[in-house]
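One rule links them: number in our numbering = place in the sequence shown (from 1) + 1. What follows is a single structure, written as structure tokens, with notes after it.
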Amino acid sequence: MTSMSLRLLVAILLIGSIARAAGPEQKTDLAPRVITGEMSCPVCGMYPDRFPQWQTQIIFTDHTGSAFDGGKCMFSFLLNPGQYAPGRNNSQVTAVWVRDFGSGKWIDGKAARYVVGSRVMGPMGKELLPFAEQAAAEAFQKANGGIIKTYAEINLATIKSLANGGMHMGGH
Numbered sequence: 002m003t004s005m006s007l008r009l010l011v012a013i014l015l016i017g018s019i020a021r022a023a024g025p026e027q028k029t030d031l032a033p034r035v036i037t038g039e040m041s042c043p044v045c046g047m048y049p050d051r052f053p054q055w056q057t058q059i060i061f062t063d064h065t066g067s068a069f070d071g072g073k074c075m076f077s078f079l080l081n082p083g084q085y086a087p088g089r090n091n092s093q094v095t096a097v098w099v100r101d102f103g104s105g106k107w108i109d110g111k112a113a114r115y116v117v118g119s120r121v122m123g124p125m126g127k128e129l130l131p132f133a134e135q136a137a138a139e140a141f142q143k144a145n146g147g148i149i150k151t152y153a154e155i156n157l158a159t160i161k162s163l164a165n166g167g168m169h170m171g172g173h
């Protein structure tokens with residue numbers, strides 16, 4: 002390898018390293034966080050760590066996050082963030098995480114399918130139950146009722162339809 006080729010290779014590697022360092026955040030920055038006992042839901046004040054199968058969370062552009070005790074609270078926040086966290090808005094949301102109701106694994110909340118208003122009650126009554134797969138949501142809906150919605154289809158009317166659910170410390 003000639004001296005010129007070696008310098009060119011070093012320059013390319015250096016530029017690549019700089020671009021990588023200045024590029025988008027690492028995926029781990031957007032990964033779901035551990036929800037601890039001192040974290041409270043900004044919507045209802047409950048403690049999400051007490052309800053692991055119902056946990057949801059949002060990660061913001063400043064790498065902070067908010068944890069919720071269910072999808073109903075999370076969507077209430079997303080539909081009006083300034084009401085629950087003054088100064089926050091949806092442009093600051095970089096990741097939405099929910100637990101798949103079947104597996105309990107963290108999944109992308111924007112890609113999930115939600116069964117809304119089934120017979121299964123969450124920590125705060127009627128809930129939105131997230132599933133990674135459409136088929137799993139359909140099977141659950143067939144057994145437990147409700148309707149299936151995508152992330153984009155959930156609006157304030159959806160949340161209001163769950164308001165008559167009453168408090169119930171339930172599971173599945």
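Virtual Cβ for every residue (Gly too), placed ideally from N, Cα, C. Computed from a predicted model, the values in this text were never measured in an experiment.
Bridge-paired residues (DSSP) for ALA96: ILE60
Assigned secondary structure, GLU26 (DSSP; H/G/I helix, E/B strand, else coil): Below a pLDDT of 50, predicted positions are generally treated as unreliable, and GLU26, at 41, falls in that range; the measurement from the model is reported next regardless. Of the three classes helix, strand and coil, the one that applies to GLU26 here is coil, per DSSP.
Environment of SER77 [buried if 16+ CB atoms lie within 10 Å]: buried
Residues near ILE149 by beta carbon distance below 8 Å, same chain, minus five either side: ARG114, TYR115, VAL116, VAL117, GLN135, ALA138, GLU139, GLN142
Pair within 9 Å by beta-carbon distance, VAL121 and GLN58: no
Bridge-paired residues (DSSP) for ALA68: GLN58
9 Å Cβ cutoff met for GLN56 and PHE69: yes
Cβ-Cβ distance between ALA153 and LYS127 below 9 Å: no
Residues bridged to LEU130 (per DSSP): VAL116
Whether SER41 touches PRO33 by CB criterion (9 Å): no
Residues near THR62 in its chain [Cβ-Cβ closer than 6 Å; skip 5 each side]: GLN93, THR95
8 Å CB neighbourhood of ALA112 in its chain, flanking five on each side removed: ALA133, TYR152
Cut-off 7 Å between Cβ atoms - residues of its own chain near LEU31, not counting five sequence neighbours on either side: ILE60, THR95, ALA96
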